[in-house]
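**Q**
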Amino acid sequence: MHSSGVSPGSTRGEQVLVLARDPIQIAAATAATARLGWLTRFVRSGDEALARLAGPGPAPGHLVCDPVAAGAAWPGLLATLADPATRTALILLAPAPGAAHWAPPVPGEADALARALAAPGPAPGPAAGGPPQDGHSAGALRESLARGEISVHYQPVVRLSDRRPVMVEALARWHRPEAAVPPDAFVPLAERHGMGRSLSLSVARTAALEIGHLWPRLRLGVSINLPLAQLLQGDLQTWLRQALGRHGLGPRQLALELTETTPVHDLARLHRVLLGLRQAGYRVLLDDVTPGDGREALLHLPFAGLKLDRSLVQRLPVEAHGRQEVRRLVRLARAQGQTVVAEGISDRRIWMAVCDLGVDFGQGYAVGRPLPAPALFGWWARWRRSRLA
717 MHSSGVSPGS TRGEQVLVLA RDPIQIAAAT AATARLGWLT RFVRSGDEAL
767 ARLAGPGPAP GHLVCDPVAA GAAWPGLLAT LADPATRTAL ILLAPAPGAA
817 HWAPPVPGEA DALARALAAP GPAPGPAAGG PPQDGHSAGA LRESLARGEI
867 SVHYQPVVRL SDRRPVMVEA LARWHRPEAA VPPDAFVPLA ERHGMGRSLS
917 LSVARTAALE IGHLWPRLRL GVSINLPLAQ LLQGDLQTWL RQALGRHGLG
967 PRQLALELTE TTPVHDLARL HRVLLGLRQA GYRVLLDDVT PGDGREALLH
1017 LPFAGLKLDR SLVQRLPVEA HGRQEVRRLV RLARAQGQTV VAEGISDRRI
1067 WMAVCDLGVD FGQGYAVGRP LPAPALFGWW ARWRRSRLA
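Position 19, counted from 1, in the sequence shown is what the working numbering calls 735; the numbers after and before it change by one each time, with no gaps.
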């Protein structure tokens, strides 16, 4: 038995997901979780385990897994567990492919498993192995970009009126051998060291390939994040066309999110760029909108829509002023033919609040966490059966 470091942290919840076929392993897991008084859910395949991890709502605190039982879904499980948003601890019941160290089962397996489950998890997020010094990180990131090692996870966006999935947001992930580097560390790093274009291009190409492959079955668009400087570059449409390639996605399936709060000194120039992108079929969303963020003038530009920042959205059930501001933003968007997306929907109360305020679309952990592309099928199956609304 081996408590893996794949996950950056564990939510110390009471739900344990168990994937095993050996009767001894199953009995040990049953006895261990019974001693702890925790809820155990047994799954029969790697695909079912992936669907459980990918589903909306809180993730299981632990996955107790025999990698052999996971089969072809094992790489997808590892990728999902490695995402900072999942926060599920992995306990191996058998050697994982390529594992350097593993402790075989011993007498008292249930006792050992109970101890592993109850043990404090590693520190969350960056503490599990955050980025080293800035210069060294920049060199490592440049090498990873050159080798195509930046992966992409996708967070679902659904229409609130009928719960239908409409889009996914593409989010870059950098997994170094020693630990995953959080996006809020390596994305600014890329910008500081002149790799912002390379990172965006890598994400766009990967998203076009992976979501284009899924398009015939899922019919999901995809959005990518761009800072202001890249949005204003004259060759933006050229490299977007190159990124889309022949993967089955066109401009109408790709949205761009203006992500940062850098002051816009030339509103007329941004206005022209937005019109040009609209004429070419691209939708541009104004991301992370909060009242008083200094970007009020941008709300009147020809964006296709705006995204409400999670800090605003999560206060809506208890803050009347926040609800008043969202109503104003929704009215303004409606008058300009724009849509409104709420980020950070983490529970039923927030879902109901944004629905009542007339918001069009929503995303957040209560809808779905960022997932590798193969996990989107499992997420969709779970989302159809969820009772959030």
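Heads up, the beta-carbon is just placed ideally off N, CA and C, and yes, glycines get one too.
Note that the structure is predicted; figures quoted are calculated from it, not measured.
(1) On the DSSP bridge assignment, give the partners of F902 in chain order.
(2) Tell me where the beta strand (DSSP E) around L1024 begins and ends.
(3) Please state the DSSP three-state secondary structure of G771.
(4) Does DSSP put S918 in a helix, a strand or coil?
(5) Could you give the DSSP three-state label for R1103: helix, strand or coil?
(6) Measure the Cβ-Cβ separation of E885 and E973 and say whether it is below 9 Å.
(7) Along the chain, where does the alpha helix (DSSP H) containing E885 start, and where does it finish?
(8) If you drop the 5 nearest sequence neighbours on each side, which residues of the same chain put their C-beta closer than 7 Å to that of H869?
(9) For E976, which residues from the same chain have a beta carbon less than 7 Å from its beta carbon, with the 5 sequence-adjacent residues on both sides left out?
(10) Can we say the segment 922-939 touches the segment 958-965, given the rule of at least three CB pairs closer than 8 Å?
(11) When we look at the beta-carbon of T978 and count the other beta-carbons within 10 Å, is it buried (16 or more) or exposed?
(12) Quick check on the DSSP output: the alpha helix (DSSP H) that includes I740 runs from which residue to which?
(13) Do the segment 1016-1028 and the segment 1047-1055 make contact, defined as three or more Cβ pairs closer than 8 Å?
(14) Taking the beta carbon of Q741 as the centre, do at least 16 other beta carbons fall within 10 Å, making it buried, or is it exposed?
(15) Taking just the CA atoms, how far does R751 sit from V822?
(16) Helix, strand or coil for V1075? Go by DSSP, reduced to three states.
(17) Are the CB atoms of V1005 and V1046 within a distance shorter than 9 Å?
(18) What would DSSP say about A896, mapped onto helix, strand or coil?
(19) Residues in the same chain with beta-carbon distance under 6 Å from L925, minus the five sequence neighbours each way, listed in chain order, please.
(20) Please work out which residues of its chain come closer than 8 Å, Cβ to Cβ, to W1095, disregarding the five sequence neighbours upstream and downstream, and give them in chain order.
(21) Can you check DSSP and say which residues form a bridge with L974?
(22) Does DSSP put G937 in a helix, in a strand, or in coil?
(23) Output the boundary residues of the alpha helix (DSSP H) element that contains P783.
(24) Compare the C-alpha of V759 against each of A747, R1044 and C781 and name the closest.
(25) Looking at S860 and T922, is the spacing between their C-beta atoms short of 9 Å?
(26) Less than 7 Å between C-beta atoms, sequence neighbours within five positions excluded: which residues of the same chain meet that for L809?
(27) Taking the CB atoms as reference points, tell me whether A830 and A743 lie closer together than 9 Å.
(28) Quick check: the Cα distance between A795 and A801, rounded to an integer number of angstroms?
(29) Assuming A1082 and P1033 form a contact by the criterion Cβ under 8 Å, report the distance between their Cβ atoms to the nearest whole angstrom.
(30) Could you please give me the residues that DSSP links to Q731 through a beta bridge?
(31) Along the alpha helix (DSSP H) that carries Q995, what are the first and last residues, could you check?
(32) Return the Cβ separation of L990 and V1000 in integer angstroms, given the expectation that the two are a contact with Cβ distance under 8 Å.
(33) Does DSSP classify R875 as helix, strand or coil?
(34) Just reading off the beta strand (DSSP E) that D1017 is part of, what are its end residues?
(35) Does DSSP classify H929 as helix, strand or coil?
**A** Looking at the atomic coordinates:
(1) Position 186 of the sequence shown, counted from the start, is the residue given in the question as residue 902. Bridge partners of F902: none, in fact.
(2) Residue mapping note: residue 1024 aligns to position 308 of the sequence shown, counting from 1. Membership of L1024 in the beta strand (DSSP E) is indicated by the continuous run G1021 to L1024.
(3) Sequence index remark: in the sequence shown, residue 771 carries index 55 (1-based). Note: G771 maps to coil in three-state DSSP.
(4) By one-based count along the sequence shown, residue 918 stands at place 202. S918: helix per DSSP, three-state reduction.
(5) Taking the first residue of the sequence shown as 1, we reach residue 1103 at position 387. Coil, per DSSP.
(6) Counting from 1 along the sequence shown, the entry for residue 885 is found at position 169. Counting from 1 along the sequence shown, the entry for residue 973 is found at position 257. The answer is yes: Cβ separation under 9 Å.
(7) Here residue 885 is taken as the residue at index 169 of the sequence shown, counted from 1. Unbroken run through E885 is the beta strand (DSSP E), P881 to H891; no alpha helix (DSSP H).
(8) On the sequence shown, residue 869 is found 153 positions in, with the first residue counted as 1. Around H869: D799, L887, R889, P1086, L1087 and P1088.
(9) To locate residue 976, count along the sequence shown from 1; it is residue 260. Excluding positions up to five away in sequence, the list reads P943 and L944.
(10) Yes, since at least three Cβ pairs between the segment 922-939 and the segment 958-965 fall closer than 8 Å, the two stretches touch.
(11) Locating residue 978 in the sequence shown gives position 262, counting from the first residue. The residue in question, T978, is exposed, as its Cβ has fewer than 16 Cβ neighbours within 10 Å.
(12) The sequence position of residue 740 within the sequence shown is 24, counting from 1. Per DSSP, I740 belongs to the alpha helix (DSSP H) from P739 to L752.
(13) With a cut-off of 8 Å, the segment 1047-1055 and the segment 1016-1028 count as touching, because enough Cβ pairs lie within range.
(14) For the purposes of this step, residue 741 is taken as residue 25 along the sequence shown, with counting starting at 1. Residue burial annotation: Q741 is buried, with at least 16 other C-beta atoms found within 10 angstroms of its C-beta.
(15) Reading the sequence shown from its first residue, position 106 is the one you call residue 822. Reading the sequence shown from its first residue, position 35 is the one you call residue 751. Legend: pLDDT at V822 = 44, less than 50; position of this residue unreliable, no value from coordinates given.
(16) Residue mapping note: residue 1075 aligns to position 359 of the sequence shown, counting from 1. DSSP places V1075 in coil when its eight states are reduced to three.
(17) Within the sequence shown, numbered from 1, the residue matching residue 1046 stands at position 330. Within the sequence shown, numbered from 1, the residue matching residue 1005 stands at position 289. No, the pair does not count as a contact, with Cβ atoms beyond the cut-off.
(18) Indexing the sequence shown from 1 puts residue 896 at position 180. In the three-state scheme derived from DSSP, where H, G and I count as helix and E and B as strand, A896 is classed as strand.
(19) Residue numbering aside, residue 925 sits at position 209 when the sequence shown is read from its first letter. Cβ within range, chain order: H963.
(20) Locating residue 1095 in the sequence shown gives position 379, where the first residue counts as 1. Within the same chain, and ignoring the five residues on either side of W1095 in sequence, the residues whose Cβ sits closer than 8 Å to its Cβ are A767, A770, G771, P772, P872, G1084 and L1087.
(21) Stepping through the sequence shown from its first residue, residue 974 is reached at position 258. When DSSP reads this structure, L974 sits in a beta bridge with L942 and L1002.
(22) Along the sequence shown, read from residue 1 onward, the residue named residue 937 stands at position 221. For G937, the three-state secondary structure derived from DSSP is strand.
(23) Within the sequence shown, numbered from 1, the residue matching residue 783 stands at position 67. Where P783 is concerned, the enclosing alpha helix (DSSP H) starts and stops at P783 to A786.
(24) Mapped onto the sequence shown, residue 759 falls at position 43. The shortest CA-to-CA distance from V759 to any of A747, R1044 and C781 is the one to C781.
(25) One-based indexing of the sequence shown puts residue 922 at position 206. One-based indexing of the sequence shown puts residue 860 at position 144. No, Cβ-Cβ distance for T922 and S860 is not below 9 Å.
(26) The sequence position of residue 809 within the sequence shown is 93, counting from 1. M717, A736, Q741, V780, C781 and D782, listed in sequence order.
(27) The count along the sequence shown starts at 1 and reaches residue 830 at position 114. The count along the sequence shown starts at 1 and reaches residue 743 at position 27. Not in contact: A830 and A743 (Cβ atoms no closer than 9 Å).
(28) As a first step, residue 795 must be located in the sequence shown, where it is residue number 79. As a first step, residue 801 must be located in the sequence shown, where it is residue number 85. Going from the Cα of A795 to the Cα of A801 covers about 11 Å.
(29) Along the sequence shown, read from residue 1 onward, the residue named residue 1082 stands at position 366. Along the sequence shown, read from residue 1 onward, the residue named residue 1033 stands at position 317. Under the criterion of beta carbons closer than 8 Å, A1082 and P1033 do not qualify as touching, at roughly 13 Å.
(30) Here residue 731 refers to the residue found at position 15 when the sequence shown is read from its first residue. For Q731, which the question treats as bridged, DSSP gives the partners L755.
(31) Along the sequence shown, one-based indexing puts residue 995 at 279. Going by DSSP, Q995 is part of the alpha helix (DSSP H) stretching over L983 to Q995.
(32) Position 274 of the sequence shown, counted from the first residue, corresponds to residue 990. Position 284 of the sequence shown, counted from the first residue, corresponds to residue 1000. Your pair L990 and V1000 checks out as a contact, with CB atoms roughly 6 Å apart and the cut at 8 Å.
(33) Start at 1 with the first residue of the sequence shown, and residue 875 comes out as number 159. In the displayed model, R875 falls within a strand according to three-state DSSP.
(34) By one-based count along the sequence shown, residue 1017 stands at place 301. The sequence shown places Leu at residue 1017, not Asp. Neither: L1017 is in no beta strand (DSSP E) and is coded neither H nor E.
(35) Reading the sequence shown from its first residue, position 213 is the one you call residue 929. In the displayed model, H929 falls within a helix according to three-state DSSP.
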